[in-house]
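Respectively, the protein sequence lines represent chains A, B, C and D.
Note that the numbering used here numbers the first sequence so that position 8 is 41, with each residue one more than the last.
Note that the numbering used here numbers the second sequence so that position 539 is 541, with each residue one more than the last.
Note that the numbering used here numbers the third sequence so that position 371 is 1553, with each residue one more than the last.
Note that the numbering used here numbers the fourth sequence so that position 37 is 45, with each residue one more than the last.
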Amino acid sequence: MLTYLLRRVLLMIPTLLGITVLVFSVMAMSPGGISAQTLIGGMDMKPQEKQALLDYYNKRYGLDQPAPVQYLRWLNNVSPIGFVTDAQGRRGEFSFSKGMDLGTSFQYGRPVSAILAERIPITLLLNLVTLPFTYIIAIMVGMKAATQRGSAFDVGAGVSMLALWSIPTMLAGVLLLGFFANIQYFQWFPTAGISSREAQDMPFLPHWDEGGFIRGFLLDRIWHLILPVICLSYGGFAALTKLTRTSILENLHADYARTARAKGLAENDVLWKHVFRNSLLPLITVSAGLLPSLLAGSLIVENIFSINGMGQLAVEAVKGRDRELVLSITWISGFLTLIGYLIADSCYTLADPRVSYD
Amino acid sequence: DRQWLKLSEMQIALSEQAKDMRELRGAIASGAIAANASTNSTKSGEVAQAFQRAYAASRQPDYAQGDWSVEAFGTNLKTITPLVSSDAYASNVQSYVLESLITRNPDTLEWEGLVAKDWTISEDGLVISFRMREDVSFSDGQPLTADDVVFSFDFIMTDAIQAPRERAYLEKIKSVKANGKYEVVFTFKEPYFEALSLAGGIGIMPKHFYEPYLKEPQKFNESKGLLLGSGPYRLADPKNWTPDKGNIELVRNERYWGDVQPSYHRILWKIIQNDSARLTTFRNGDIDSYSARPVEYQELKKDPQIQAKSQNFEYMPPVVGYSYIGWNQERGGKPTRFADKRVRQAMTYLTDVSRVIKDVMLDYAEPAVSPFSNASKQHDAALQPYQVDLDKAKALLKDAGYQDKNADGVLEDKAGQPFEFKLTYFQANEDTKRMVLLLKDLYARAGVKLIPTPQEWPVMLENLDKKDFDAITLGWTSGIETDLYQIFHSSQAVSKGDNYVSYKNPALDKLIDDARRTVDESKRMPLWQQAERILYEDQPYTFLMRRKSLLFVDKRIHNLQMTKLGLNFGSLPLENYVPLAQQKYTQ
Amino acid sequence: MTKPVVSRESFSARIWRKTLAGVGVKFGLIWIALLIFCAVFAPFLANSMPLLMSKDGVISAPVLEYLSVEDAWILTSFFIALAVYRLKIDGGKQILWFLLGSALAALLVNSFVKPPVLVIYDDFRSAAYTQVDWKIMPPIPYAPVDYLRDLGSKGLEAPFATDGHTHLMGTEENGADVLSRMIHACRISLSIGLIASGIALAIGIVVGGLMGYFSGIVDMLGMRLVEIFEDIPTLFLLLTFVAFFGRSLYMMMVIIGVTGWSGYARYVRQEFLKLRKQDYVQAAVASGLPLTSILFRHMLPNGVAPLLVAVSFGVAGAILSEATLSFLGLGVVDAPSWGAMLDQAVKSSTFNWWMAVFPGGSIFMTVFAYNLIGEAFRDAIDPRLSDKAGIKS
Amino acid sequence: MSQALLEVRNLRTYLRSGGGEVRAVDDISFSIPKGETFCLVGESGSGKSVSALSVIRLLPDGVSSHPSGEILLNGQDLLKLDDQGIRAVRGLKIAMIFQEPMTSLNPVMSIGEQITEALQLHHPDMDDAEATERTIKALEQVQIPNASSRFRDYPHQLSGGQRQRVMIAMALACEPHLLIADEPTTALDVTVQAEILRLMRKLQDDTGMSMLFITHDFGVVAQMAHWVGVMQQGKLVEVGACKAVLRNPQHPYTQKLLASVPENLAKPVVEPPHTEDPDPADDESLSDSDKKLLSVLTRAGLRGQAKQTVSLANTPGALPSADDQPLLQIRDLKVWFPIKKGLFRQTVDYVKAVDEVSLDIPQGEIVALVGESGCGKTTLGRAVLQLEPPTAGSIRIDGQELTGLSARELRPLRRKMQIAFQDPQSSLNPRLLVETTLTEPMKVHGIGANQEERIELAGQLLEDMQLSRESLWRYPHEFSGGQRQRIGLARALALNPEFVVCDEITSALDVSVQAEILQLLLDIRRRRNLTLLFITHNIGVVEYLSDRTVVMYKGKIVEEGLTAKVCGAPEHPYTQRLLSAVPRLVV
Ligand SMILES: Nc1ncnc2c1ncn2[C@@H]1O[C@H](COP(=O)(O)OP(=O)(O)OP(=O)(O)O)[C@@H](O)[C@H]1O
Ligand SMILES: Nc1ncnc2c1ncn2[C@@H]1O[C@H](COP(=O)(O)OP(=O)(O)OP(=O)(O)O)[C@@H](O)[C@H]1O
Ligand SMILES: [Mg+2]
Ligand SMILES: [Mg+2]
Ligand code: NI
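Here is the structure:
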């Protein structure tokens, strides 16, 4: 198992490298590309000032050098092994433990790592809430549909899940916001953000106080997350429900289920004790594949619900041609996805005794 | 100086109008050098001139302290540390915390002392010395002295500090010296007509708080929320605000030195990126104001729910910018078709500004004649906007050698090249997009083909710097008095200069130079007017319009008044308040 | 003893029959057919100029005069497609003929159709076109980019709420007729899905096929490539590409295609890995058949069914991508597109229901239609039902 | 039979499938006395499984119906029980074992759990410790070595035979009165099968239970049954005591079935195959001999001893002389599959699927390759055809070395050798017409001048295979398994090869179909002088068909010689064991 994990991690390296090469070349080839010029966003400088700033950026990020050289420099800074560089960008000796430096965001003027440290947890929170939510709903519906195959529920669930898939996210988001967070209709949920400002001072759990009911940080967070999570998850129901349904159907008629029935087990026990666990296996494998699409989906959802996650950051970074940020975001989200796959595969090993990796 | 902040850049960043005031406070200059203005007689003896309006408000019968001001920002702030921050949102926040020596009176537009008691200007206009109030202290209780002013200047001028913009702006100041504890002397390198606002407008940063960062400039440059000042509000924790909080909250500065204490307990800004989410939030009563686009404004004005809860304002602040189409005259070292004055004039004749205002802006704008606003003293009232005239335009174009030779509906020049050009505009603005589409149809009538080219901000900036575009529509903000140098002086037609249309007119250059050197307003104004006439004739830009601010404000906010600077909503010292009965937030 | 049930139906015919058996899929196909009809005949369905008119005894067809190169090409291609379909040529050749024909049409059309460069739509409502003996107008007498300047349209008028001129679906922000734009936008929505998926499919099949057949090192490298494109969120790649390379429609199709192939490649690879072990492929190898025949004749057709399912969902996804790009401010400029219209609706802070319902509804319907087709298809090729056809899963 | 434990009377089971209704079981009656075994035999699809499932009521609810009949277990009609009631019968009174040991156990539950589950279900008061103990005892009873340590193993950690034992243990755990075994050994190797059958008999003796045993192998019937029922198309055509039925079948169908058993097949008397090319006159003799063959067959069915005499005709003299160069020459062939492990997937070991095999096959000979599952038979066959690259060794056909040739160099040689596969499902491309399947290789190898000619050839080939010419224009799924197998054979013969590998081509087929194919093969061999490498594990087939037999064990050839000799007097202990395990129809 350990060698397997190690091997998987090693295999990530070419992928991550590939991601950065791809993104870097896209940026380098784009109009304007990665040049210091785009960094000098301010219009309020004299030509000499701009030139000075340009020189400063060029020197700092080496933006006047040919693209491959720039890339290698960046790579050297990011990789934990490589040449130690000093503040002037001169190359020092080779080291195996120099630490990773994600660079400084052009737009923010702050270290990329610091920015990401703020944003990643938010997006992860969103996705990690969404994923189980999607799964629970999909499994429940899929299971009911499978056991009542051919019934009105089965057909209806199939069609409506598919219909949900077909609704553009932004339309759903705006409508949800417009109807469920609007005083004109139902003001059930907040319009923006992932927590109220008061929530920071609240105790974690909800409780009754002399002042009345105190929502508590947890409930407040949940309250804020409901609409975004619905928005992120409804698209995923279709595929998962379908998968659950087929998987359960397949297993309901599997030989071992028949064996279980022959033992005299009741149908319910067959379903829960035998079929269910086996049916979950294919669901585990696809879970990791959902992650990239969730990340992409959060781009829109974060915009609509004003959540400061990676999605927003990504849009900003791309629009602002913030090279360091774009590169880091892409490889880190790639990395997260790969890790997601790895975790999914490991879970699979745990769930299915037949699979063992060595 | 934010005078030359592009209008559309603000449009990305700004959508509520309170910023006008912030902008103004931070920046604008007028020629009116109110020499030896002093703490002149006040209605109630001890209240300084700058606090008069606020004082009057506090005398209102229903005046009450308390409640919060809750606003929304359209993008997440990257940092609110002064100097490091570059967007208008941050400067809005800072205006509640940092104060400067002088401020402009909204009624008279004259400068009056805030931290400064009074000031004197030397004969040659090169030396300005301010006498400061002695009772001013920062929100942490430390007194504010001349040293802090000197420090603020020195801090900005330190190379390691990331403040290139401010440094460029203060470049004309030779030195700032403290003369005793409560007097500070600014010396300029050359006479400059905006010297007073330059010197008096610096936000005063507490030395004891910011000085340590001179040793670790990087830490300052990368900071997110280092903000401490003497203003009426303060950050609860002046060092540790971070963007991931999702909102910005200022609390009342209990030690505030001013003659009138501010009304709100807290000032809160929420971050709401999505437009419709912002409107919904306003509807729900969770934010206090909403600034609308013309189309929206018209709709919302009829909306009973909105009407019931809010008051609406449409007004034209004097500093509102103008939008224009810039005709690029030189590209790749060669003159373009727009280098011909007749062509530019023809384009202006074709550009039916009044129609744009009517159709796109729904009449919430007025036509611009020149960079100078109609109300400004710089403006020559005799100049009227070009009236749309298709025949005249056609004649001018014919004169310039354009004819439809192959009968495909498009004019060709002498070389047979069709008259088509790309109009570059910033993609995120819906009104601009609508206008461009309208212009496209208008120009088509003269056989001119316009190709709409929306661009992203960085790409556009790059094209501007390289002067790589046919025509571009953007906006500039104006000041109470507007300097033409940056935009129209031929010396600025270099790479990365702001005269990116490469407009060169020696006569205009001379007028600009003269005007800038002339400290005396009565002599300076005729020079500006003369320059304006040249611009009017040459049409380096087709000047389009100035847009009105369209604002909805929650009804519980009281004492909203129109001043010469626009609406006093959120202006400082704070004049708005919420009567006790209507207060919503109790904390 | 065994009585063979002779159903003289090929595998693909059977799949088609089973696919078409559902109710949903019929709805889907009808909707798509409607879209195709609108896309092809858009200039005749919604336009500002008369289809036919007689002025002073001279009969003219302004629509034809103003027919753009694109319009003309789409029309001719459509009829070529019809003809080829009718001629009953054998499967593969049909496509070839069609491609040849439409390429030829493109050439001809480009050299012969010369519509006026500038169209002033207001003119069609001026005397030259109104004071005529008789005229036949298209059912919707507004062109998609006719912003009704002369009618003083300020945009955002609700359906039927207008004075004098009727707009069945109201007008959009700039004043153009929504229905007209909806009709013309069918083209974008259809083509973006098909072309983008086509590109993605082509890349996916080649990469996945090579990986699956050769496995080993090719597979290993290929999988890394697939992972790269898979791990970067597609929308993010899209955003980057569009932001950097501009936002023409064609660019968008190419980009959605270039970024969307990884899933197909995985499918094809998986299928090929499975098929490689099938006895009939082994038999083909043993018969000494050339590699191309093995890959494309023996393996691909058997592995393509699950791929087609993926494609139908991919087409739907591409349409949503376009809408999303519009939402992020990277859509097309003037050309009518549902995504851009929906974007107008969701961006505007007042809820103009007709701007959300019609384009949003069409996107929904189209995506739903493709999904229904895909779903029906998936059920039709369900391995449990088709075990007898030789592919065991 | 008043002692009857189970009595089935006039049972009908109809199944709905598609639109119609299948009369899967059509009015059958039989009874099983206590402690005895009733065997159901019959061809695939005759309704054996459905009968069994009807007894334990495991047919899917919505699909099945019982228009008539009763199933009496100890006098209680199972068909009248409600769900609750039948569940109490299942497992406790009637237990069932299924054909597929691989899939009949839940893969994610340990075997111990699965058995205890059954125990505790029917003995709710049994605690875990006792259940575990009983389970281990049950496992020991079925001779699972180290039962207590394997308790926690998962099904995949057991071999096929062990899994089937676990199934038996599970079925017997609650000591049922009736055990239904639905082809429990079909998926197993002969040697394993023999052990399982022995075990079952022993358990029956120990516990005194009754058995309903389903099989299609008369050999197994002979070993197991006290009573036999023969099913055909849902009807029991013959029921009786085992010996009586096997020795003296009454119903024609039973007779035909018995005659099709390879042991009972009459080998056609053939002249030495290598002498002359078949001349046209042969065609007539063929149809003649065919008729003869059929009549012999029917008669042989009754006698069953013909085989002995026929195989005597297979004297070595009829074979080509040994000094001729053999058609196929294999020397020291190794096919090793690397086992890759560790970080870099380095090869740590090999599966030696074929290990130093040397073999000569002269022209015109039929060589049978036998051995247990996984011993490397298929791999050897595939390696000969270069479908699997050999690790070492040499393969010559007609003296031409095959190893090391590139795909292109190999292509012309492929004509000489072909392969036919076991699985009739997957051996034909479902998307291609039979015509394409047959003519495409011809085209590649330049057989036939044009397509018409090739189609003509293909048609002839099909007729040779006793298929109609029209079959050319059909798709594979329109044929039955036996027909498909013949098409597969036709494809192999289409290139007119000299050498064909037949990889278990009959093991997926019913006995009667198998008999047809075998006779066909002999016939073709006679006419085309074909050389065959016939891979099988069915000794009966070997004896019937082959000239020479090669026995493989763990990748090596352990014994080789004339079939009569190898089968009659095996030398190697493995061969002896293999042969003794084959259930024979000795009556
Ligand atoms: N679930 C079902 N639905 C419809 N028809 C079925 C079903 N199961 C079996 N049949 C049909 O019932 C008939 C009898 O099938 P059964 O499985 O009993 O045959 P069998 O004798 O056991 O054959 P084999 O030796 O292949 O197992 C067949 O014609 C089969 O097609
Ligand atoms: N591609 C492969 N990679 C690794 N091992 C293989 C491969 N193919 C076969 N083997 C192994 O080689 C051994 C011989 O397999 P082979 O298929 O030749 O057996 P067989 O005698 O034909 O068995 P059966 O009677 O079940 O068909 C088996 O242990 C099998 O697991
Ligand atoms: Mg059966
Ligand atoms: Mg085998
Ligand atoms: Ni299957």
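Cβ atoms here follow ideal geometry from the backbone N, Cα and C, with glycine treated the same way.
None of these values were measured; they are calculated from a predicted model.
At least one CB of chain D closer than 9 Å to the CB of alanine 295 of chain A: is that the case?
For the purposes of this step, residue 295 of chain A is identified with residue 262 of the first sequence, where counting begins at 1. Closer than 9 Å to some Cβ of chain D, the Cβ of alanine 295 of chain A qualifies, so yes.
Over the uninterrupted alpha helix (DSSP H) stretch that includes serine 1371 of chain C, give me the two end residues.
Taking the first residue of the third sequence as position 1, residue 1371 of chain C is located at position 189. 1360-1396 is the span of the alpha helix (DSSP H), which, as asked, contains serine 1371 of chain C.
Would alanine 148 of chain B count as contacting chain A if we go by Cβ distances under 9 Å?
Looking up residue 148 of chain B in the second sequence gives position 146. No, alanine 148 of chain B lies away from the interface with chain A (no Cβ there is under 9 Å from its Cβ).
Any idea if leucine 1166 of chain C is buried or exposed, counting beta-carbon neighbours within 10 angstroms, 16 or more meaning buried?
Given a span of 1183 to 1575 for chain C in the structure shown, any question on residue 1166 of chain C remains unanswerable.
Residues of the segment 81-98 of chain D with a CB closer than 9 Å to any CB of chain A: list them in chain order, please.
Asp91, Gln92, Ile94, Arg95, Ala96, Val97, Arg98
Look at the alpha carbon of glycine 1556 of chain C and the alpha carbon of leucine 1383 of chain C, and state the distance between them as a whole number of angstroms.
To locate residue 1556 of chain C, count along the third sequence from 1; it is residue 374. To locate residue 1383 of chain C, count along the third sequence from 1; it is residue 201. Taking the straight line joining both Cα atoms gives about 15 Å.
Using the beta-carbon of each residue, which ones in chain A are nearer than 7 Å to arginine 1406 of chain C?
Locating residue 1406 of chain C in the third sequence gives position 224, where the first residue counts as 1. Residues of chain A passing the Cβ test: Pro47, Thr48, Gly51.
Between the C-alpha atoms of arginine 390 of chain D and glutamate 396 of chain D, what's the straight-line distance to the nearest angstrom?
On the fourth sequence, residue 390 of chain D is found 382 positions in, with the first residue counted as 1. On the fourth sequence, residue 396 of chain D is found 388 positions in, with the first residue counted as 1. Computed Cα separation, rounded: 6 Å.
Counting C-beta neighbours from all protein chains within 10 Å, is the total for leucine 538 of chain D 16 or more, i.e. buried, or is it exposed?
Position 530 of the fourth sequence holds residue 538 of chain D. With 16 or more Cβ atoms within 10 Å of its Cβ, leucine 538 of chain D is classed as buried.
Around the C-beta of leucine 1281 of chain C, are 16 or more other C-beta atoms found within 10 angstroms, so that it is buried, or is it exposed?
For the purposes of this step, residue 1281 of chain C is taken as the residue at position 99 of the third sequence. Classification for leucine 1281 of chain C: exposed.
With a threshold of 16 other CB atoms inside 10 Å of the CB of phenylalanine 157 of chain B, please say whether the residue is buried or exposed.
Residue numbering aside, residue 157 of chain B sits at position 155 when the second sequence is read from its first letter. Phenylalanine 157 of chain B is buried by the Cβ-count criterion.
Confirm the yes/no value for this check: CB of threonine 387 of chain D, any heavy atom of ligand 2, distance under 8 Å.
Here residue 387 of chain D is taken as the residue at index 379 of the fourth sequence, counted from 1. Between ligand 2 and the CB of threonine 387 of chain D, the shortest heavy atom gap is smaller than 8 Å.
How is asparagine 78 of chain B classed by DSSP in three states: helix, strand or coil?
On the second sequence, residue 78 of chain B is found 76 positions in, with the first residue counted as 1. Here asparagine 78 of chain B sits in coil by DSSP.
By the 10 Å Cβ neighbour count, where 16 or more other Cβ atoms means buried, how is serine 130 of chain A classified, buried or exposed?
Translated into the one-based positions of the first sequence, residue 130 of chain A becomes position 97. Its Cβ having fewer than 16 others within 10 Å, serine 130 of chain A is exposed.
Give a yes or no on whether 9 Å exceeds the smallest Cβ distance from proline 386 of chain A to chain D.
For the purposes of this step, residue 386 of chain A is taken as the residue at position 353 of the first sequence. At least one chain D Cβ lies under 9 Å of proline 386 of chain A.
Does DSSP put asparagine 1229 of chain C in a helix, in a strand, or in coil?
As a working note, residue 1229 of chain C is residue 47 in the third sequence. Asparagine 1229 of chain C falls in the coil class under three-state DSSP.
Please confirm whether methionine 219 of chain D and threonine 292 of chain A have their CB atoms less than 9 Å apart.
As a working note, residue 219 of chain D is residue 211 in the fourth sequence. As a working note, residue 292 of chain A is residue 259 in the first sequence. No, Cβ-Cβ distance for methionine 219 of chain D and threonine 292 of chain A is not below 9 Å.
Quick check: what's the CA-CA separation for cysteine 264 of chain A versus tryptophan 256 of chain A?
Locating residue 264 of chain A in the first sequence gives position 231, counting from the first residue. Locating residue 256 of chain A in the first sequence gives position 223, counting from the first residue. So the two alpha carbons sit approximately 14 Å from each other.
Under 8 Å: does the beta carbon of valine 1389 of chain C sit that close to some heavy atom of ligand 2?
Here residue 1389 of chain C refers to the residue found at position 207 when the third sequence is read from its first residue. The answer is no for valine 1389 of chain C.
Select from the segment 351-373 of chain D all residues with a C-beta closer than 7 Å to any C-beta belonging to chain C, and list them in chain order.
none
May I ask which residues mark the beginning and end of the beta strand (DSSP E) holding leucine 567 of chain B?
Numbered from its first residue, the second sequence carries residue 567 of chain B at position 565. Element bounds for leucine 567 of chain B: n/a, residue is neither H nor E.
Is it buried or exposed, phenylalanine 571 of chain B, if we count other Cβ atoms within 10 angstroms and call 16 or more buried?
As a position in the second sequence, residue 571 of chain B is number 569, starting the count at 1. By the 10 Å Cβ count, phenylalanine 571 of chain B comes out buried.
Can you confirm whether leucine 301 of chain D, when its beta carbon is compared against all beta carbons of chain C, has any partner nearer than 9 Å?
The sequence position of residue 301 of chain D within the fourth sequence is 293, counting from 1. Note that leucine 301 of chain D has pLDDT 40, beneath the 50 cutoff, so the model's placement of it is unreliable and the number below is only indicative. Not a single CB atom of chain C sits nearer than 9 Å to the CB of leucine 301 of chain D.
Comparing C-alpha positions only, which one of C:Leu1490, C:Arg1369, C:Val1515, C:Gly1521 sits nearest to phenylalanine 1509 of chain C?
Here residue 1509 of chain C corresponds to residue number 327 of the third sequence, with the count starting at 1. Closest by alpha carbon: C:Gly1521.
Name the one or two DSSP bridge partners that histidine 560 of chain B has.
Here residue 560 of chain B refers to the residue found at position 558 when the second sequence is read from its first residue. Per DSSP, B:Tyr579.
Looking at phenylalanine 345 of chain D and ligand 2, is the gap between the Cβ and the nearest heavy atom below 8 Å?
Within the fourth sequence, numbered from 1, the residue matching residue 345 of chain D stands at position 337. Under cutoff, so the answer is yes.
Going by beta carbon distance, what residues of the same chain come within less than 8 Å of proline 1321 of chain C, once the five residues before and after it are set aside?
Working through the third sequence from its first residue, we reach residue 1321 of chain C at position 139. If we look at proline 1321 of chain C and ignore the five residues flanking it on each side, its Cβ neighbours are Leu1227, Ala1228.
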